[in-house]
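S.K.: For the sequence shown, our numbering begins at 337 and goes up steadily by one. Got a structure for you, written out below as structure tokens; questions coming shortly.
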Amino acid sequence: MGAAPVVLIKAGKAARISVRGVVQGVGFRPFVYRLAQEHNLKGWVRNTSGNVEIEVEGDKKSVKNFLTDLEAKAPPLARIENVAITFYPPSGHTEFEICKSLSQEGKYQLVSPDIATCEDCQSEIFCLTDRRFRYPFTNCTNCGPRFTIIEDIPYDRPKTTMRNFQMCPQCQQEYDDPLDRRFHAQPNACPQCGPSLALVDSSGNPVACDDAIEAAGELLKAGRILALRGLGGFQLACDATNEEAINLLRSRKRRLSKPFAVMVATLEDIERHCLVSPQERKLLKSAECPIVLLSWKHSSSNVSPSVAPNLRYLGIMLPYTPLHHLLLRESAIPLIMTSGNLSEEPIAKDNDEALRRLGGIADY
Numbered sequence: 337m338g339a340a341p342v343v344l345i346k347a348g349k350a351a352r353i354s355v356r357g358v359v360q361g362v363g364f365r366p367f368v369y370r371l372a373q374e375h376n377l378k379g380w381v382r383n384t385s386g387n388v389e390i391e392v393e394g395d396k397k398s399v400k401n402f403l404t405d406l407e408a409k410a411p412p413l414a415r416i417e418n419v420a421i422t423f424y425p426p427s428g429h430t431e432f433e434i435c436k437s438l439s440q441e442g443k444y445q446l447v448s449p450d451i452a453t454c455e456d457c458q459s460e461i462f463c464l465t466d467r468r469f470r471y472p473f474t475n476c477t478n479c480g481p482r483f484t485i486i487e488d489i490p491y492d493r494p495k496t497t498m499r500n501f502q503m504c505p506q507c508q509q510e511y512d513d514p515l516d517r518r519f520h521a522q523p524n525a526c527p528q529c530g531p532s533l534a535l536v537d538s539s540g541n542p543v544a545c546d547d548a549i550e551a552a553g554e555l556l557k558a559g560r561i562l563a564l565r566g567l568g569g570f571q572l573a574c575d576a577t578n579e580e581a582i583n584l585l586r587s588r589k590r591r592l593s594k595p596f597a598v599m600v601a602t603l604e605d606i607e608r609h610c611l612v613s614p615q616e617r618k619l620l621k622s623a624e625c626p627i628v629l630l631s632w633k634h635s636s637s638n639v640s641p642s643v644a645p646n647l648r649y650l651g652i653m654l655p656y657t658p659l660h661h662l663l664l665r666e667s668a669i670p671l672i673m674t675s676g677n678l679s680e681e682p683i684a685k686d687n688d689e690a691l692r693r694l695g696g697i698a699d700y
């Protein structure tokens, strides 16, 4: 990340700092809080509708080091575009705090994209003793939904679709703890207080089952087509090794020949199906977790040729939500993962719309 333009206005022992760029939804306020503690500075940080504002005061050397580290050690998902600094005499702050956000009419703020599930959260959802074991909406400051859930800025829980889910005491404790990786993680949730998962048929009738993910995995292995709610909207999934399921999906979706993308559980799985260069490996594991076109090893891959007819390349990706991770672990098969829509139509984005528009495509 290149150095952002810095505007300096007058020297002193305190600094008011305005930071613009992708600095909301990326753990920037918690980072600033910890940085201020590290340099023994007092003051505050807050989101606004147009930037992140910081006020720090302390000895000159500490303020100077703080300003250097603000850019040099910024969270990896942040993108700082501009830093404006005003120096002035200290006003006597006694602590450093994260203040209430400031809404400003007519201001705008770059919004963080959704971020693929981090390794820490992956470990939790597969740990039998963790309270988030198999919880499909696990997230933290380093990963999870951002753009998908934001309804307005500044980025705070009351202005997201998580506003109706009040954090339980344990989640609130994580949210308030500066040493926790969920410190000020706006979508923080767990099975006790967060969204829940349900399995319904194409008419919206609940499917009787003890575990929706386990039942969904069995349905996929049986050749059924599932619609699942992902980041930004619904996806259609089926067994990428099952010719009959693939042909049925093509017929129902009216996508007769265009290639589908495939999702597999691990990088090792990708290497069984495709040739992967170091650069492609890095891209596959990035926070964006994109679909990458790779050279297809037809001779060793069990992905059906009808997934991408007559092509030497396969569009493939890794799971980027906890639900994807759990479903792939449960089904243990490569899955077609395609947009939840009829060909050339917009993607279905909520439950009611999905039942109305995808009921003729998905079985569940």
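Heads up, the beta-carbon is just placed ideally off N, CA and C, and yes, glycines get one too.
(1) Do Ser631 and Arg608 have their C-beta atoms closer together than 8 Å?
(2) Nearest-angstrom Cα distance between Asn401 and Lys409?
(3) For Leu702, which beta-bridge partners are listed by DSSP?
(4) For the alpha helix (DSSP H) that contains Phe367, what are its first and last residues?
(5) Going by DSSP, what residue range makes up the alpha helix (DSSP H) through Ser459?
(6) Please return the same chain residues whose Cβ sits closer than 6 Å to the Cβ of Leu664, not counting the five positions on each side in sequence.
(7) Name the two residues that bound the continuous alpha helix (DSSP H) containing Asn418.
(8) List the DSSP bridge partners of Arg382.
(9) Specify, as a first and last residue, the run of the alpha helix (DSSP H) that Tyr511 falls within.
(10) Quick one: grab the DSSP three-state call for Glu680.
(11) DSSP three-state label for Gly553, please.
(12) What does DSSP give as the partner residues of Cys476 in its beta bridges?
(13) With distances taken Cα to Cα, identify the nearest neighbour of Tyr369 among Thr404, Met498, Asn677, Pro514.
(14) How about the region 427-437 and the region 454-464: do they share at least three Cβ pairs that are nearer than 8 Å?
(15) What do you get for Arg648, buried or exposed, if any count of 16 or more other CB atoms within 10 angstroms of its CB means buried?
(16) Between the Cα of Ile683 and the Cα atoms of Ile606, Asn541, Ser667, Arg565, which residue gives the shortest distance?
(17) Kindly list the residues whose CB is nearer than 7 Å to the CB of Asp516, restricted to its own chain and excluding five residues on each side of it in sequence; keep chain order.
(18) When the Cα atoms are used, what is the spatial distance from Ala544 to Arg693?
(19) Along the beta strand (DSSP E) that carries Ala573, what are the first and last residues, could you check?
(20) Taking 7 Å as the limit between beta carbons, can you name the residues of its chain near Ile461, skipping five residues before and five after?
(21) Is the beta carbon of Asn383 sitting closer than 8 Å to the one on Ser437?
(22) Pick out the complete beta strand (DSSP E) segments inside the region 578-604, 3 residues or longer, and give them in chain order.
(23) Among Leu413, Asp450, Val359, Glu550, whose alpha-carbon lies nearest the alpha-carbon of Val419?
(24) Within the continuous beta strand (DSSP E) that includes Glu624, where are the two ends?
(25) Should Met599 be labelled buried (16 or more other beta-carbon atoms within 10 Å of its own) or exposed?
(26) Which same chain residues end up closer than 8 Å to Leu535 when comparing Cβ atoms and leaving out the 5 residues on each side of it in sequence?
(27) Name the residue from Glu579, Leu585, Glu580 whose alpha carbon lies nearest to the alpha carbon of Leu572.
(28) Can you grab the Cα-Cα spacing for the pair Ser679 / Asn387, in whole Å?
(29) Please say whether Ala452 and Leu562 have beta carbons closer to each other than 8 Å?
(30) Consult DSSP for Phe469 and reduce its assignment to one of helix, strand or coil.
(31) Just tell me which of Glu441, Gly357, Lys378 has its CA closest to the CA of Glu407.
(32) The beta strand (DSSP E) that contains Gly452, what's its start and end?
(33) Within a Cβ cutoff of 6 Å, which residues of the same chain sit near Asp708, ignoring the five residues on either side of it in sequence?
(34) Using only the alpha-carbon positions, how far apart do Arg590 and Leu620 sit?
(35) When DSSP labels each residue in this structure, what does Ala534 get in the three-state scheme?
(36) Which residues mark the beginning and the end of the beta strand (DSSP E) in which Val355 is found?
M.R.: Here's the rundown:
(1) no
(2) 11 Å
(3) The displayed coordinates of the chain run from 337 to 700. Any statement about residue 702 would go beyond what the structure contains.
(4) 364-374
(5) 455-461
(6) Ala601, Pro655
(7) Here Asn418 belongs to no alpha helix (DSSP H); instead the beta strand (DSSP E) covers 415-424.
(8) Glu389
(9) 505-512
(10) coil
(11) helix
(12) Cys479
(13) Pro514
(14) no
(15) exposed
(16) Arg565
(17) Glu510
(18) 23 Å
(19) 569-575
(20) Arg468, Phe469, Arg470, Tyr471, Thr474, Pro658, His661, Leu662
(21) yes
(22) none
(23) Val359
(24) Run containing Glu624: none; DSSP gives neither H nor E here.
(25) buried
(26) Pro542, Val543, Cys545, Ala548, Ala551, Ala552, Tyr700
(27) Leu585
(28) 39 Å
(29) no
(30) coil
(31) Gly357
(32) First, the residue type needs correcting, since residue 452 is Ala and not Gly in the sequence shown. It is not in any beta strand (DSSP E) - Ala452 carries neither H nor E in the DSSP assignment.
(33) An answer regarding residue 708 cannot be provided, because it is not within the stretch 337 to 700 covered by the chain.
(34) 29 Å
(35) coil
(36) 350-358
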